[in-house]
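**Student:** Taking my numbering, I'd label the letters of the sequence shown as residues -1 to 266.
C-beta: ideal position from N, C-alpha, C; glycine also.
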Amino acid sequence: MLKICLQDFDGSCKGSAASGEWGRPIDAMAKGRPMLEKKARIADEAEIVDEAIVSRRSVRAFLPDMIDDNTVRDILAVAARAPSGTNMQPWRVYVTKGETKQQISDAILSSGIRAEKADWDEYRYYPTQFFEPYLTRRRANGFGLYGALGIGRREVDKMRAQHDRNFVFFDAPVGMIFTIDRRLNQGSWIDYGMFLQNIMVAARGRGLHTCPQAAFAPYHRQIRPVLNIPDEEIVVCGMALGYEDTSKPENGFRTDRVPLEEWVTFSE
-1 MLKICLQDFD GSCKGSAASG EWGRPIDAMA KGRPMLEKKA RIADEAEIVD EAIVSRRSVR
59 AFLPDMIDDN TVRDILAVAA RAPSGTNMQP WRVYVTKGET KQQISDAILS SGIRAEKADW
119 DEYRYYPTQF FEPYLTRRRA NGFGLYGALG IGRREVDKMR AQHDRNFVFF DAPVGMIFTI
179 DRRLNQGSWI DYGMFLQNIM VAARGRGLHT CPQAAFAPYH RQIRPVLNIP DEEIVVCGMA
239 LGYEDTSKPE NGFRTDRVPL EEWVTFSE
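Have a look at this one:
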């Protein structure tokens, strides 16, 4: 059974699926009754897993507290249980800290290539032109984030400065760069998404936060020489990993989700 321990910021564990210590005690009426005990434990497992998923969000300011390599290894090992067609496991990860991470930041920020001019020549993340309902959702996300930071709609320089914080991994102590063999097809990219989600959920189970960052993809020419990434690999994205800095206003911003009724169809 996968061990999941959702930690508070004081390091205490809310629950562990391996130890049988859950977020709340098993109902007294269930004790000694195997079926009721099983149902109670399933409910508690669901609560822990759901909390890890729901509490995941894109954190854009991190504390400098270092993450040890074994924790990163554990997260990636768990995440690699993601499904992939014929078990191809198409992911490759470059974990960076310290000087190497700084070299990536310096290479991108000194390139003189503004984000709006960056060439998405390996793959395109967004449509060439946005349309509804996606345009409205995109605008709400941008206005909400900049509003939390006190940045007005015409303060372009401040918007650019905030976007550039992507390239310092929002000050997270760990920055990861993800690549995929360019000979693989769309199915492997779907598999890759499940792997990335596993990383983010596994991080939450350890009291950590993440921010997936497609912003790195068009800067593959700056990243490749730092990490010795071969030409046959496409830079998919980056990801920041660390402890959330709860004092920063940008981390108070929350996105919403469209009601199920707008995108789910049930048929019998």
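Nearer than 8 Å: is that true of the beta carbon of THR69 relative to any heavy atom of the ligand ZN?
**Tutor:** For the structure depicted, the ligand ZN is absent and the ligand set is empty, with no information on it obtainable.
**Student:** When you compare each of TYR190, VAL91 and VAL154 to ALA238 by their alpha carbons, which one comes out closest?
**Tutor:** Among TYR190, VAL91 and VAL154, the Cα nearest to that of ALA238 belongs to VAL91.
**Student:** Is it the case that the segment 111 to 130 contacts the segment 211 to 224, given that we only count it when at least three CB pairs across the two stretches are under 8 Å?
**Tutor:** Yes: at least three Cβ pairs fall under 8 Å.
**Student:** From which residue to which residue does the alpha helix (DSSP H) around GLU49 run?
**Tutor:** That run of the alpha helix (DSSP H) goes 32 to 52.
**Student:** Compare the Cα-Cα distances from GLN211 to each of GLU153, ARG58, ASP48 and GLU97 and report the closest residue.
**Tutor:** Of the candidates GLU153, ARG58, ASP48 and GLU97, the one whose C-alpha sits nearest the C-alpha of GLN211 is ARG58.
**Student:** Would you mind sorting PRO88 into buried or exposed? The rule is 16 or more other CB atoms within 10 Å of its CB.
**Tutor:** Buried is the call here.
**Student:** Identify, in the order they occur along the chain, each residue of the same chain with its Cβ nearer than 8 Å to the Cβ of ASN249, setting aside the five sequence neighbours on each side.
**Tutor:** Here the set comprises VAL57, ARG58, ALA59, GLU242 and ASP243.
**Student:** For the candidate residues SER103, ILE65, GLY203 and GLU45, whose alpha-carbon lies nearest to that of LEU225?
**Tutor:** Closest by alpha carbon: SER103.
**Student:** Looking at C-alpha atoms only, which residue of ARG152, ARG136, ASP162 and GLY203 is the closest neighbour of ARG255?
**Tutor:** The shortest C-alpha separation from ARG255 is found at ARG136.
**Student:** So, using beta-carbon positions, are ARG54 and MET192 closer together than 9 Å?
**Tutor:** Result no, Cβ atoms of ARG54 and MET192 do not sit closer than 9 Å.
**Student:** Could you compute how far the alpha carbon of TYR144 sits from the alpha carbon of ARG202?
**Tutor:** Rounded to the nearest angstrom, the two C-alpha atoms are 25 Å apart.
**Student:** Please report the straight-line C-alpha distance between ALA77 and GLU260, rounded to a whole angstrom.
**Tutor:** Spanning the two alpha carbons is a distance of roughly 30 Å.
**Student:** Flag this pair as yes or no: are the beta carbons of ASN164 and GLY236 separated by less than 9 Å?
**Tutor:** Yes.
**Student:** Please state the DSSP three-state secondary structure of GLY240.
**Tutor:** The answer is strand: DSSP assigns GLY240 an E or B state.
**Student:** In whole angstroms, give me the CA-to-CA distance for ILE232 and ILE40.
**Tutor:** Each residue's alpha carbon lies about 40 Å from the other.
**Student:** Secondary structure at ASP254, three-state DSSP: helix, strand or coil?
**Tutor:** Reduced to three states, the DSSP call for ASP254 is coil.
**Student:** What does DSSP give as the partner residue(s) for SER56 in the beta ladder?
**Tutor:** Paired residues: THR208.
**Student:** Could you tell me if ILE51 is buried or exposed, where buried requires 16 or more neighbouring beta carbons within 10 angstroms of its beta carbon?
**Tutor:** Under this definition ILE51 is an exposed residue.
**Student:** Would you call ALA200 buried or exposed, if buried means 16 or more other Cβ atoms sit within 10 Å of its Cβ?
**Tutor:** So ALA200 ends up on the buried side.
**Student:** Starting from PHE176, trace the beta strand (DSSP E) both ways and give me its first and last residue.
**Tutor:** Here the beta strand (DSSP E) through PHE176 covers 172 to 179.
**Student:** For the segment 177 to 186 against the segment 61 to 70, are there 3 or more C-beta pairs whose distance is under 8 Å?
**Tutor:** No contact exists between the segment 177 to 186 and the segment 61 to 70.
**Student:** What are the complete alpha helix (DSSP H) segments, minimum 4 residues, inside the segment 104 to 141?
**Tutor:** Correct list: empty.
**Student:** With distances taken Cα to Cα, identify the nearest neighbour of GLN195 among GLU35, PRO81 and ASP67.
**Tutor:** Of GLU35, PRO81 and ASP67, the residue nearest in Cα terms is PRO81.
**Student:** Quick check on this structure: which residue in GLN100, GLY185, PHE167 and GLN160 has the alpha carbon closest to the alpha carbon of PRO247?
**Tutor:** Measuring from the Cα of PRO247, the nearest candidate turns out to be GLN160.
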